[in-house]
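Enquirer: Quick one: this structure, given as structure tokens, is what I'll be asking you about.
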Amino acid sequence: MGVLPDEIKPAMEGVIPAHVATCSLDGTPNVTALSQVYYVDADHVALSFQFFNKTIKNVRENPYAVAWIISPESFDSWDLELEYDHSETSGPVFDAMDMRIEAIASMTGMTGIFKLKAADIYRVKSAVKNTDERIPLAAIDK
Amino acid sequence: MISEKLVEFIHGPVFMAIGTRNEKLRPTHTFVGGAIVNQDRETITCFVPQHRAEEIRGNLENNGRIAMAVGSLSHESYQFKGRYVSSRPTDARDVAIQEIHRTKLLALMLQYGYQEQIARPLVLGFRYQPAVAITFRVEEIFLQTPGPEAGKKIA
Amino acid sequence: MDIREQIAENDRIIEQLNRELAKKSTEVRIIQQISSEINSTLDLARILQLILDSMDRVLGFQHCMILLKDESEEKLRVFASRGYDREGVGAEVRFGEGVIGVVARRKKMMRLGNIRSSMNYLMAVRAKMEEAGQLQADHVPVNLPGLANAQSQLAIPLLVKERFIGVLAVESPQPNAFDELDEILLNILANQVAIAIDNARMYQMEEGRRKELDEANAKLLRLNESLEHMVKERTAQLERAHAELSTAFERLGEQATELAAFNRTLEQRVAEQLAELERVGRLKRFFSPQLAQLIVAGGAEDPLKTHRREVTVVFLDLRGFTAFAETSEPEEIMGVLGEYHAEMGKLILAHEGTLERFTGDGMMIFFNDPVPVPNPAERAIRMAVEMRERVAELVAKWKKRGYDLRLGVGIAQGYATIGAIGFEGRWDYGAIGTVTNLAARLCGEAKPDQILISQRLLGTMEELVEAEPVGDLSLKGFLKPVSTFNVVRLKG
Numbered sequence: 198m199g200v201l202p203d204e205i206k207p208a209m210e211g212v213i214p215a216h217v218a219t220c221s222l223d224g225t226p227n228v229t230a231l232s233q234v235y236y237v238d239a240d241h242v243a244l245s246f247q248f249f250n251k252t253i254k255n256v257r258e259n260p261y262a263v264a265w266i267i268s269p270e271s272f273d274s275w276d277l278e279l280e281y282d283h284s285e286t287s288g289p290v291f292d293a294m295d296m297r298i299e300a301i302a303s304m305t306g307m308t309g310i311f312k313l314k315a316a317d318i319y320r321v322k323s324a325v326k327n328t329d330e331r332i333p334l335a336a337i338d339k
Numbered sequence: 050m051i052s053e054k055l056v057e058f059i060h061g062p063v064f065m066a067i068g069t070r071n072e073k074l075r076p077t078h079t080f081v082g083g084a085i086v087n088q089d090r091e092t093i094t095c096f097v098p099q100h101r102a103e104e105i106r107g108n109l110e111n112n113g114r115i116a117m118a119v120g121s122l123s124h125e126s127y128q129f130k131g132r133y134v135s136s137r138p139t140d141a142r143d144v145a146i147q148e149i150h151r152t153k154l155l156a157l158m159l160q161y162g163y164q165e166q167i168a169r170p171l172v173l174g175f176r177y178q179p180a181v182a183i184t185f186r187v188e189e190i191f192l193q194t195p196g197p198e199a200g201k202k203i204a
Numbered sequence: 010m011d012i013r014e015q016i017a018e019n020d021r022i023i024e025q026l027n028r029e030l031a032k033k034s035t036e037v038r039i040i041q042q043i044s045s046e047i048n049s050t051l052d053l054a055r056i057l058q059l060i061l062d063s064m065d066r067v068l069g070f071q072h073c074m075i076l077l078k079d080e081s082e083e084k085l086r087v088f089a090s091r092g093y094d095r096e097g098v099g100a101e102v103r104f105g106e107g108v109i110g111v112v113a114r115r116k117k118m119m120r121l122g123n124i125r126s127s128m129n130y131l132m133a134v135r136a137k138m139e140e141a142g143q144l145q146a147d148h149v150p151v152n153l154p155g156l157a158n159a160q161s162q163l164a165i166p167l168l169v170k171e172r173f174i175g176v177l178a179v180e181s182p183q184p185n186a187f188d189e190l191d192e193i194l195l196n197i198l199a200n201q202v203a204i205a206i207d208n209a210r211m212y213q214m215e216e217g218r219r220k221e222l223d224e225a226n227a228k229l230l231r232l233n234e235s236l237e238h239m240v241k242e243r244t245a246q247l248e249r250a251h252a253e254l255s256t257a258f259e260r261l262g263e264q265a266t267e268l269a270a271f272n273r274t275l276e277q278r279v280a281e282q283l284a285e286l287e288r289v290g291r292l293k294r295f296f297s298p299q300l301a302q303l304i305v306a307g308g309a310e311d312p313l314k315t316h317r318r319e320v321t322v323v324f325l326d327l328r329g330f331t332a333f334a335e336t337s338e339p340e341e342i343m344g345v346l347g348e349y350h351a352e353m354g355k356l357i358l359a360h361e362g363t364l365e366r367f368t369g370d371g372m373m374i375f376f377n378d379p380v381p382v383p384n385p386a387e388r389a390i391r392m393a394v395e396m397r398e399r400v401a402e403l404v405a406k407w408k409k410r411g412y413d414l415r416l417g418v419g420i421a422q423g424y425a426t427i428g429a430i431g432f433e434g435r436w437d438y439g440a441i442g443t444v445t446n447l448a449a450r451l452c453g454e455a456k457p458d459q460i461l462i463s464q465r466l467l468g469t470m471e472e473l474v475e476a477e478p479v480g481d482l483s484l485k486g487f488l489k490p491v492s493t494f495n496v497v498r499l500k501g
């Protein structure tokens with residue numbers, strides 16, 4: 198299928214923090230910033246889960262989430278409609294994410310403390326470039 | 050409800066976003082270009098950009114549930130949960146507030162060492178007008194700063 | 010979108026694809042070029058520099074480094090770098106530290122484009138944890154080589170057949186500086202790089218080993234040579250020793266033979282010498298030692314061998330001795346005899362006579378045997394005359410003691426048979442013949458102080474001797490009476 202286009206990849210490098218909004222089963226929305234939405238493949242993304250939080254709790258009750266990401270190159274922002282699929286504690290996706298966390302943790306003296314607990318895998322239902330949200334780069338006054 | 054410290058925080062150079070949901074519990078997200086804490090210290094008015102205004106207002110009128118995340122460059126952040134009160138178009142004062150907010154944010158970003166090529170487009174590229182002023186009553190406040198106490202309710 | 014727009018869109022897409030294809034072809038060529046360059050040498054340092062140079066020049070990776078795994082420990086060392094103020098060569102990275110360390114530990118490639126923001130995030134968390142007292146003091150950030158403000162890093166493990174040998178890392182101060190294409194490029198490069206490095210290292214090791222081997226070989230060769238030399242020397246020594254030994258053996262054999270021969274000779278000689286000594290001993294009884302030696306030495310014919318010779322024989326004894334002996338003490342007798350013999354002996358020696366025997370006072374002396382002399386009769390007579398004079402002196406002395414003793418001498422010349430007389434163990438040198446009888450009879454007839462000789466003898470001695478006739482004497486054993494004379498004195 199391939200929902201995520203190639204041009205979205207720079208937005209999934211965690212250069213500029215992303216946002217994700219979820220909703221609990223009792224209808225309370227939650228919105229939070231996170232460092233990175235990981236590209237898994239054209240139909241999946243992953244969110245890393247170090248400390249237990251509301252987002253993780255919510256999606257396990259109500260799988261629908263929406264993520265906002267922005268490319269540090271084009272400054273196009275994207276809204277991703279996501280559906281929580283499953284959580285992984287091993288495998289290539291987990292390993293790739295874990296490696297990055299391990300590297301950064303060692304560089305900040307947090308080895309062993311800051312660890313990837315799980316990788317939450319979401320199916321991407323749609324990816325919409327927010328043309329209205331942003332002023333084109335060229336038009337931004339210097 | 051909202052402490053002096055938090056009032057200052059909200060009025061400072063912070064990123065803010067709100068989340069709402071529809072009747073199917075599908076969430077929506079949007080950045081807001083600034084907010085003010087009303088004098089009652091119970092309600093917050095935030096400025097939702099036009100491109101998302103309709104959807105959000107629809108959600109709010111449906112269930113009234115709203116969450117707002119406010120975070121600074123230092124990663125200090127808070128989650129305000131509340132109920133929709135009202136909405137109105139933004140006036141000149143609101144615009145002024147937003148512009149002050151933008152300026153402060155950009156300045157702080159540059160201060161923090163973010164490169165201009167990133168800070169400027171990020172902050173200044175946000176289409177903050179036209180916008181809708183949405184007011185909601187704060188019911189719960191949570192600490193959202195990443196760390197051992199993240200998720201702790203503080204009000 | 011209408012048809013026109015669609016076509017335009019398609020054109021655009023096609024153009025894009027073409028550009029990408031061209032780009033990829035170029036990249037492939039670039040990779041090939043780099044590969045051939047790095048495979049052209051086996052010098053490790055050179056290879057590393059070539060790789061980094063290419064990565065900068067051709068691929069635009071301005072800050073890059075190559076780290077190689079330590080032999081035994083889980084750490085890497087920077088072996089080459091490019092695009093850094095301080096080279097950082099030799100800097101260490103432990104497994105698990107930073108992007109490079111994690112890549113080394115996991116043996117998987119990693120690309121980060123948001124280092125600063127990630128670190129900011131984590132530092133914030135860390136601050137909170139410190140506040141809450143949840144962080145121990147030993148949790149400190151590690152010191153890593155590379156850019157201080159790196160935002161992007163791409164590191165790839167260098168593997169040779171799954172054997173991890175090091176990491177190739179690139180950095181940038183720009184966020185999100187590397188993309189998937191860079192990953193692909195580096196992946197291709199990494200394989201080549203890993204093999205080239207491994208080859209160079211193996212070559213280094215081989216070179217090192219070869220050097221060691223060469224050195225060992227040379228040592229061995231030298232050792233061999235010196236051993237050979239020693240063996241040669243030793244062999245020569247042994248050969249010499251052997252030769253010497255052989256010679257010695259031969260010599261020994263010869264010596265043994267010689268010795269045996271010598272022994273036999275010795276035995277012979279000893280026997281001979283013994284015989285000689287015996288003879289000398291015997292002969293010394295009769296002859297002076299010199300004469301005896303002379304005889305033994307072969308200067309004279311073996312006198313003990315029976316032979317005939319014309320000799321002059323002298324018999325003498327003391328008149329009145331018997332009566333003297335009967336009436337005197339043995340000591341007196343021995344004393345007289347001692348004196349008498351001593352004087353007579355001197356004269357015999359002086360005249361080179363041969364004392365054949367003596368019995369008490371009687372003596373028999375002859376001349377011309379065993380040593381021939383030119384004038385035996387003359388000698389005999391002269392000796393006899395001197396004896397008479399000497400005895401006269403003795404007589405004078407004896408008379409004072411009351412002894413009445415006087416010399417009487419008989420001399421004859423003629424052939425006698427001479428040789429060994431006796432038996433085994435008691436051979437004597439003796440002469441037998443008419444001449445000895447005659448001399449003895451004449452001595453018997455001699456009155457005191459007479460020296461009696463036959464007319465025949467006188468006939469040969471007339472010029473020497475003044476004699477008076479004594480008469481024709483009838484001597485026992487002689488048919489006819491012998492005309493006898495007394496030697497009065499010597500003429501001249």
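Protein chains in written order, with the working numbering: chain A, 198 to 339; chain B, 50 to 204; chain C, 10 to 501. All residues carry an ideal CB built from backbone N, CA and C; glycine is no exception.
Among 199(C), 320(C), 476(C) and 451(C), whose alpha-carbon lies nearest the alpha-carbon of residue 491(C)?
Expert: 451(C)
Enquirer: Residues of the region 141-174 of chain C in Cβ contact with chain B at a cutoff of 8 Å, in chain order, please.
Expert: 141 and 143
Enquirer: Can you check whether the CB of residue 76(C) is closer than 8 Å to the CB of residue 203(C)?
Expert: no
Enquirer: Quick check on this structure: which residue in 498(C), 133(C) and 40(C) has the alpha carbon closest to the alpha carbon of residue 311(A)?
Expert: 133(C)
Enquirer: Please report the residue range of the beta strand (DSSP E) in which residue 349(C) lies.
Expert: No beta strand (DSSP E) contains residue 349(C), which is instead part of the alpha helix (DSSP H) from 339-360.
Enquirer: Determine the DSSP secondary structure at residue 167(B), reduced to helix, strand or coil.
Expert: Under the three-state reduction of DSSP output, residue 167(B) falls in the helix class.
Enquirer: How is the beta strand (DSSP E) around residue 424(C) delimited, first residue to last?
Expert: 415-432
Enquirer: Just checking: is the beta-carbon of residue 232(A) within a distance shorter than 8 Å of some beta-carbon in chain C?
Expert: Taking 8 Å as the CB threshold, residue 232(A) lines the interface with chain C.
Enquirer: Which chain B residues sit within Cβ distance under 9 Å of residue 133(C)?
Expert: 123, 124, 125, 194, 195 and 196
Enquirer: With residue 495(C) as the anchor, note down where its beta strand (DSSP E) starts and where it stops.
Expert: 491-499
Enquirer: Taking C-beta pairs closer than 9 Å, name the residues in chain B that residue 207(A) reaches, listed in chain order.
Expert: Correct list: empty, because the minimum Cβ distance to chain B is about 12 Å.
Enquirer: Specify, as a first and last residue, the run of the alpha helix (DSSP H) that residue 166(C) falls within.
Expert: First-last for residue 166(C): 161-169, but that is the beta strand (DSSP E), not the alpha helix (DSSP H).
Enquirer: Please confirm if the region 68-77 of chain B is in contact with the region 155-170 of chain B, defined as three or more CB-CB distances below 8 Å between the two stretches.
Expert: no
Enquirer: What three-state label does DSSP hand residue 88(B) in the structure shown?
Expert: coil
Enquirer: Once you ignore the five residues that flank residue 64(B) on each side, which residues in its own chain have a CB closer than 7 Å to its CB?
Expert: 120
Enquirer: In the DSSP output, which residue or residues are listed as bridge partners for residue 80(B)?
Expert: 66(B)
Enquirer: With 16 as the cutoff for other CB atoms within 10 Å, does residue 210(A) come out buried or exposed?
Expert: buried
Enquirer: What residues of chain A sit near residue 201(B), judged by a beta carbon separation below 9 Å?
Expert: Those do not exist, as residue 201(B) stays about 11 Å from chain A at its closest Cβ, beyond 9 Å.
Enquirer: On the three-state DSSP scale, how would you describe residue 223(A)?
Expert: coil
Enquirer: Taking the alpha-carbon of residue 181(B) as reference, which of 67(B), 154(B), 60(B) and 50(B) has the nearest alpha-carbon?
Expert: 67(B)
Enquirer: Would residue 275(A) pass as an interface residue toward chain B - the criterion being a Cβ-Cβ separation below 8 Å?
Expert: no
Enquirer: For the beta strand (DSSP E) that residue 51(B) lies in, which residues bound it at each end?
Expert: Neither: residue 51(B) is in no beta strand (DSSP E) and is coded neither H nor E.
Enquirer: Since residue 206(A) is in the beta strand (DSSP E), which residue starts that stretch and which ends it?
Expert: Going by DSSP, residue 206(A) is part of no beta strand (DSSP E) at all; its letter is neither H nor E.
Enquirer: Verify the CB distance criterion: does residue 272(A) have a CB-CB separation below 8 Å to chain B?
Expert: yes
Enquirer: In chain order, what are the residue ranges of uninterrupted beta strand (DSSP E) at least 3 long that sit wholly in the region 96-132 of chain B?
Expert: Runs of the beta strand (DSSP E) lying entirely within the region 96-132 of chain B, each at least 3 residues long, are 114-120 in chain order.
Enquirer: Here's the rule: buried if 16 or more other CB atoms are within 10 angstroms of the residue's CB, otherwise exposed. What is residue 124(B)?
Expert: buried
Enquirer: At a CB distance below 9 Å, what residues from the region 315-338 of chain A approach chain B? Give them in sequence order.
Expert: 327, 328, 329, 330, 331, 332, 333, 334, 336, 337 and 338
Enquirer: Using a cut-off of 8 Å between C-beta atoms, extract the partners of residue 137(C) located in chain B.
Expert: 194, 195, 196, 197 and 198
Enquirer: Of all the CB atoms in chain B, is at least one closer than 8 Å to the CB of residue 212(C)?
Expert: no
Enquirer: Excluding the five sequence neighbours on either side, which residues of its own chain have a C-beta within less than 6 Å of the C-beta of residue 295(A), listed in chain order?
Expert: 313
Enquirer: Rounded to whole angstroms, what's the CA-CA distance from residue 80(C) to residue 58(B)? Just pull it up for me.
Expert: 55 Å
Enquirer: Mind listing which residues of the region 115-134 of chain C have their C-beta closer than 8 Å to chain A's C-betas, in chain order?
Expert: 115, 117, 119, 121, 122, 123, 124, 126, 127, 128, 130, 131, 132 and 134
Enquirer: With 16 as the cutoff for other CB atoms within 10 Å, does residue 299(A) come out buried or exposed?
Expert: Around the beta carbon of residue 299(A), 16 or more other beta carbons sit within 10 angstroms, so the residue counts as buried.
Enquirer: Write down the C-beta distance between residue 185(B) and residue 93(B) rounded to the nearest angstrom, noting that I regard them as a contact closer than 8 Å.
Expert: 6 Å
Enquirer: At a Cβ threshold of 8 Å, is residue 228(A) touching chain B?
Expert: yes
Enquirer: Where residue 165(C) and residue 245(A) are concerned, what is the direct C-alpha to C-alpha distance, given to the nearest angstrom?
Expert: 23 Å
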